[in-house]
Each structure stands twice: as C-alpha cells, then as structure tokens.
Amino acid sequence: MSARKRKADAAPIGEPESWKASLPCNKAEAEQLQDEIGGFALLDEPPVLMTSEPDPAKPDEWRLDAYFPAEPGIELLDMLKALVPSAAGRAPEVERVEARDWVTLSQQGLEPIRAGRFYVHTPAHRGSVPGDAIAFEIDAGRAFGTGQHETTSGCLVALSKLKDQGISISNLIDVGTGTGLLAFAAMKLWPAARAAASDIDPVSIEVTEENAAINRVRLGRIRGQLELAVAPGLDHARLRQRAPYDLIVANILAGPLIELAPSISKALEAGGRLILAGLLDSQAEAVTAAYRRHGLMMSFRVQHGEWPTLVMRKRRSLGWQ
1 MSARKRKADA
11 APIGEPESWK
21 ASLPCNKAEA
31 EQLQDEIGGF
41 ALLDEPPVLM
51 TSEPDPAKPD
61 EWRLDAYFPA
71 EPGIELLDML
81 KALVPSAAGR
91 APEVERVEAR
101 DWVTLSQQGL
111 EPIRAGRFYV
121 HTPAHRGSVP
131 GDAIAFEIDA
141 GRAFGTGQHE
151 TTSGCLVALS
161 KLKDQGISIS
171 NLIDVGTGTG
181 LLAFAAMKLW
191 PAARAAASDI
201 DPVSIEVTEE
211 NAAINRVRLG
221 RIRGQLELAV
231 APGLDHARLR
241 QRAPYDLIVA
251 NILAGPLIEL
261 APSISKALEA
271 GGRLILAGLL
281 DSQAEAVTAA
291 YRRHGLMMSF
301 RVQHGEWPTL
311 VMRKRRSLGW
321 Q
C-alpha cells in the first residue's frame, strides 16, 4: 500500500505551498492533541494540527488534519500516525491545499478557558479577557499545557481553591511545566513566593521562556521571579538546594508520578501542599497510595471528566526529611 494518497500536483515554482495530511482518530486522541504534539515538538517548524468531529451523530469518530509548509515525507507522516494509535494501519491522505495562515485559523478554533480565577486564551482571543480574571496568553504549539486539557484546567481550579482557603505559599515548584502556565498561575496567586519550574524536555523550557516574556513573568532566582531547569522531576542541584517546597505541582502521567513519589514527597515540607494531575480515574488509587506511603494525605479532589486532580498535604508530624 502506498504510504500516502496524493490528491494534487506540486506547487508551481514561486507559489507558497501548504499540504494537508489527514487521519481518523477517536475523541480521546483529539482531546489529547489539544496539548500534545509528540515528535513534532522537536521541529523548528512543526505542522499545525486541527481536529474536528465530522458527524455529531458519531461522537467518537473524529478527524485529525495536519498542515505542513511543504509536502511531508515518510518520517513526518510516521510522526503523525504515532499521534493516533486508533488509526494503526491507515495511510494518511495527503493533498496540496491553498496556502493560508493555519496557525491563526487553528487558534481561532481553540476557545478561551475559564478555570477558577484564571482565563487562558490564544493570541487570537486577546480582546476577550474578562475584567475579573487573571489572564494568560498561551500559544498552542510545541509543549503541553495550554489550558485546554482537563488536567491543566483541573490544576488551575485546584490552585484557585488553595488561594480561596487562605493558604500561604512561600516556595513553589511546577514539575513537568510544559508551557509554564501552572507556574505562572501560582506566581500570580502568591507573587512574593520563590518559584521554580522544571521539565525533562529542553523544548518545553524554551517555550516557557517565550511564554514568560509574553505574560510578563520575570525569570530569575529571587522572590517573585521564576527559575527554570531542564531536569527529570527534581533531579537538579539547584532544585534540591531550593527545597523544601510548600507547594509542588506535577501535571505529568500516572507512571512518572508514582516513580517520583519518593523524591517529590521528600522535597515537600511538613504541612506543604501537593497537586497531582495527568492521571485517569482508574489510576488515582495507585497514585494516591504511592504518596500516602510517604506521609501524605488527601485534602481534596477536582474532577474534570475522567481526569482527576489530586490535592494532598504532608503530615506535619513527619517533618522535613
């Protein structure tokens, strides 16, 4: 079978090109693609990904369209197929289309998110910010955490609830920061706190730096500034030096959350709060148990669809380990 189905000839010399590759996907994959673009994140010019529901009568049958600036080769098409396992064995349909500003068009389709005290929008919705919200502009692109996914919005609600409870935070870290959004949000709620953010992916740290500039978040090592580190979890000398933290946010995946339970729990001060997300309902018990073994107890839970956000607290009797 051909690796792709061509529907158009190459662009005339001198004309800008735009190519579309399409695959079917399911609803869960479409939702995940709002924030995660896999291997495309490593490209200097990643494709614009757009998902749609062709037939409302079939709510689990979705479509993924990827727009490229040039005809995609086998490697790029393989990256596309990796994003939608449900389409295994299907060859992407590839066609040349009219050259347009697909980034702007795709962001127009991403509606702003209101979560707790926060309002997260793309550049296409700059004029829509309500006056009573803390607003962030996050460009949908190379890293996870635009606010569209239930795990990110759940963390924003959890942060807002902690603030509503009168919790005071002086030293915080966002583990697996992605776009930097959750670190920015925590800093807005507790502006005098020391703040750090880490990610195992250098691209995510670059994206966080860009988003910090857009949202006027200062980078640095003093209170009111955000220190960034490329690191798996808290495995970095600077991050260990900054411990203990009284707030740790980790929106990653259930497996890494369980694996990091010893180091994250150790880095949390007695009485400190921990926000965990990136897990499904079916994984919540295992994740919670991993942290209970290290002296944490459940405070409350935020539920968005099948994605819970767990807020835990470290027992004061155990102290800083």
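The sequence shown maps to residues 1 to 321 in the UniProt record's numbering.
Glycine included, C-beta positions come from ideal geometry on N, C-alpha and C.
On a predicted model such as this, the values are computed, not experimentally measured, just so you know.
Nearest to alanine 88 by alpha carbon, out of Asp78, Arg96, Pro54?
-> As a first step, residue 88 is located in the sequence shown; it is residue number 88 there, counting from the start. Minimum Cα distance to alanine 88 is reached at Asp78.
State the beta-bridge partners of serine 52 as determined by DSSP.
-> To locate residue 52, count along the sequence shown from 1; it is residue 52. Paired residue(s): Arg63.
Beta-carbon gap between threonine 151 and alanine 183 smaller than 9 Å | Numbered from 1 along the sequence shown, position 151 holds the residue referred to as residue 151. Numbered from 1 along the sequence shown, position 183 holds the residue referred to as residue 183. Their beta carbons are not under 9 Å apart, which means threonine 151 does not touch alanine 183 by this criterion.
Can you check whether the CB of histidine 121 is closer than 9 Å to the CB of glutamate 95?
-> Position 95 of the sequence shown, counted from the start, is the residue given in the question as residue 95. Position 121 of the sequence shown, counted from the start, is the residue given in the question as residue 121. Taking 9 Å as the Cβ cut-off, glutamate 95 and histidine 121 do not qualify as a contacting pair.
Are the C-beta atoms of glutamate 209 and some chain B residue less than 9 Å apart?
-> Looking for chain B here will not work: only one protein chain is present.
CB of glutamate 75 to nearest heavy atom of the ligand COA: below 8 Å?
-> Ligands in the displayed structure: none, and consequently the ligand COA is not present.
Mind the definition here: the segment 218-229 touches the segment 158-169 only if three or more C-beta pairs lie below 8 Å; say whether that holds.
-> Touching, no.
Looking at the structure shown, is residue 327 part of a helix, part of a strand, or coil, going by DSSP?
-> Beyond the ends of the chain as shown, which are 1 and 321, falls residue 327; an answer cannot be given.
Contact check, isoleucine 173 vs alanine 193 under 8 Å by CB: the rounded distance?
-> The count along the sequence shown starts at 1 and reaches residue 173 at position 173. The count along the sequence shown starts at 1 and reaches residue 193 at position 193. In this structure isoleucine 173 does not touch alanine 193 by the C-beta definition: roughly 10 Å separates them, more than the 8 Å allowed.
Who are the near neighbours of glycine 109 in its chain, counting only those whose CB is closer than 7 Å to its CB and skipping five residues on each side?
-> Translated into positions along the sequence shown, residue 109 becomes position 109. Its pLDDT being 46, under 50, glycine 109 is placed unreliably in this model, and the value from its coordinates should be taken loosely. Spatial neighbours of glycine 109 in its own chain (CB-CB distance under 7 Å, excluding positions within 5 residues in sequence) are listed in chain order as Met50.
Residues near leucine 247 by beta carbon distance below 6 Å, same chain, minus five either side = Start at 1 with the first residue of the sequence shown, and residue 247 comes out as number 247. Within the same chain, Cβ atoms closer than 6 Å to the Cβ of leucine 247 are found at Ile169, Leu172, Arg273, the five residues on either side in sequence being excluded.
Cα separation between serine 299 and proline 191?
-> Translated into positions along the sequence shown, residue 299 becomes position 299. Translated into positions along the sequence shown, residue 191 becomes position 191. Distance between the alpha carbons of serine 299 and proline 191: 23 Å.
Check whether leucine 23 and proline 92 have beta carbons under 9 Å apart | Position 23 of the sequence shown holds residue 23. Position 92 of the sequence shown holds residue 92. Inclusion of leucine 23 and proline 92 in the CB contact set at 9 Å is warranted, their separation being smaller than that value.
Measuring CB to CB, does tryptophan 307 end up less than 9 Å from alanine 277?
-> Here residue 307 is taken as the residue at index 307 of the sequence shown, counted from 1. Here residue 277 is taken as the residue at index 277 of the sequence shown, counted from 1. Yes. Within cutoff.
Among Gly271, Met187, Val175, the one whose alpha carbon lies nearest that of alanine 212 = Numbered from its first residue, the sequence shown carries residue 212 at position 212. Per the Cα distances, Met187.
When the Cα of glycine 295 is compared with those of Leu159, Met312, Ala82, Leu156, which residue comes out closest?
-> On the sequence shown, position 295 is the one that residue 295 refers to. Among Leu159, Met312, Ala82, Leu156, the Cα nearest to that of glycine 295 belongs to Met312.
DSSP-derived helix/strand/coil call for aspartate 101 | Locating residue 101 in the sequence shown gives position 101, where the first residue counts as 1. Since pLDDT at aspartate 101 reaches only 47, below the 50 mark, its modelled position is unreliable, and the value read off the structure follows with that caveat. Aspartate 101: coil per DSSP, three-state reduction.
Output yes or no for whether 9 Å exceeds the beta carbon distance between leucine 310 and isoleucine 264.
-> On the sequence shown, position 310 is the one that residue 310 refers to. On the sequence shown, position 264 is the one that residue 264 refers to. Judged by beta-carbon spacing, isoleucine 264 lies beyond the 9 Å limit of leucine 310, meaning their Cβ atoms are not closer than that value.
May I have a chain-ordered list of the alpha helix (DSSP H) segments no shorter than 4 residues that lie completely inside the segment 221-254?
-> 237-242
Whole runs of the beta strand (DSSP E) within the segment 285-309, excluding any shorter than 3 residues = 296-304
To the nearest angstrom, how far is it from the Cα of arginine 223 to the Cα of alanine 185?
-> Mapped onto the sequence shown, residue 223 falls at position 223. Mapped onto the sequence shown, residue 185 falls at position 185. Computed Cα separation, rounded: 15 Å.
Measuring alpha carbon to alpha carbon, tell me which of Asp65, Ala195, His236 ends up nearest leucine 217.
-> On the sequence shown, position 217 is the one that residue 217 refers to. Rather than leucine, the amino acid found at residue 217 in this sequence is valine. Among Asp65, Ala195, His236, the Cα nearest to that of valine 217 is on Ala195.
Go ahead and pull the three-state DSSP assignment for serine 106.
-> Counting from 1 along the sequence shown, the entry for residue 106 is found at position 106. Interpretation of serine 106 is limited by its pLDDT of 47, a score under 50 that renders its predicted location unreliable; no figure is taken from the coordinates.
Name the two residues that bound the continuous alpha helix (DSSP H) containing aspartate 164.
-> Translated into the one-based positions of the sequence shown, residue 164 becomes position 164. Where aspartate 164 is concerned, the enclosing alpha helix (DSSP H) stretches over 150-164.
Those residues which DSSP pairs with serine 198 across a bridge = Taking the first residue of the sequence shown as position 1, residue 198 is located at position 198. DSSP lists Val175, Ala229 as partners of serine 198.
Isoleucine 275: first and last residue of the uninterrupted alpha helix (DSSP H) it sits in | The count along the sequence shown starts at 1 and reaches residue 275 at position 275. No alpha helix (DSSP H) contains isoleucine 275, which is instead part of the beta strand (DSSP E) from 268-277.
Mapping DSSP to helix, strand and coil, what is isoleucine 134?
-> Mapped onto the sequence shown, residue 134 falls at position 134. Three-state result, isoleucine 134: strand.
Spatially closest choice to arginine 117 from Ala28, Gly305, Ile214, Cys155, by CA coordinates | Position 117 of the sequence shown, counted from the first residue, corresponds to residue 117. The shortest Cα separation from arginine 117 among Ala28, Gly305, Ile214, Cys155 belongs to Cys155.
Coarse secondary structure for valine 207, derived from DSSP in three states | Taking the sequence shown and counting its residues from 1, the one referred to as residue 207 is at position 207. It is helical.
Bridge partners of lysine 20, per DSSP?
-> By one-based count along the sequence shown, residue 20 stands at place 20. Lysine 20 is bridged to Tyr67, Glu95.
Reference glycine 220; option with closest CA among Leu234, Leu80, Pro232, Arg238 | In the sequence shown, counting from the first residue as 1, residue 220 sits at position 220. The shortest Cα separation from glycine 220 among Leu234, Leu80, Pro232, Arg238 belongs to Arg238.
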